[in-house]
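For the sequence shown, our numbering puts the final residue at 151, and the numbers step up evenly by one. Note that the Cβ used here is the ideal one computed from N, Cα and C, for glycine as well. These notes concern the structure reproduced below.
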Amino acid sequence: MTQTYPNATDLNVDRYVILGLATCFLQDDGELTEIETIEPVPSAAFTAIAQGVPTAYKRLSAFTLGSILPVETPDAPQKPAGFETGEWSADFIERLAAAARTYARDPRSTDKLAIGQSWDGANYNLDRKRILNPKRRVKLTDNVKQHAHTHQTL
-2 MTQTYPNATD LNVDRYVILG LATCFLQDDG ELTEIETIEP VPSAAFTAIA QGVPTAYKRL
58 SAFTLGSILP VETPDAPQKP AGFETGEWSA DFIERLAAAA RTYARDPRST DKLAIGQSWD
118 GANYNLDRKR ILNPKRRVKL TDNVKQHAHT HQTL
């Protein structure tokens, strides 16, 4: 019998999932600091990336769910080889479970990358930077001057 997770009985350790090593940025007083994050990649995102859409992912690798998240320690994910420099993304475990469900729903997407294989051929592009902690600062120059009759009934 295949092992399932106590909090997600629809997921077993043999489920297919893809992890990506992404280049992201943290913003601090206008300065950007580059970091690498480990993120689960849903099947729709992987299909788009495989078709050449620009992405912040340096590497994509396929795994079984159990190799990343052992049933014995479901709150402590294991970093796979090649991902040692990355940090876990926010809500990693929940996103990992959700991504695994997308591959179960669309099994054709698992044919593109076999378990244990990595792919470094994505269209890696940082023109649109992924900022993890964006802060909006409203300035006086952001105000839009309105016409005098805008709020009057004529």
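- According to the DSSP assignment, threonine 44 belongs to the alpha helix (DSSP H) that extends over 40 to 47.
- Relative to serine 64, the option among Arg56, Leu57, Tyr54 and Gln75 whose CA is nearest is Gln75.
- Fully enclosed beta strand (DSSP E) runs of no fewer than 3 residues occupy 54 to 61 of the stretch 48 to 112, in order along the chain.
- Of the candidates Arg134, Thr82 and Arg127, Thr82 places its Cα closest to the Cα of isoleucine 35.
- If you draw a straight line from the Cα of threonine 107 to the Cα of glycine 113, it is about 12 angstroms long.
- Annotation for leucine 123: Thr20 and Ala53 place their beta carbon closer than 7 angstroms to its own, counting only its chain and skipping 5 residues before and after.
- For the pair leucine 57 and lysine 126, the CB atoms are not nearer than the 8 angstroms cut-off.
- For valine 14, the enclosing beta strand (DSSP E) covers residues 13 to 25.
- A distance of 8 angstroms or more separates the beta carbons of leucine 129 and phenylalanine 43.
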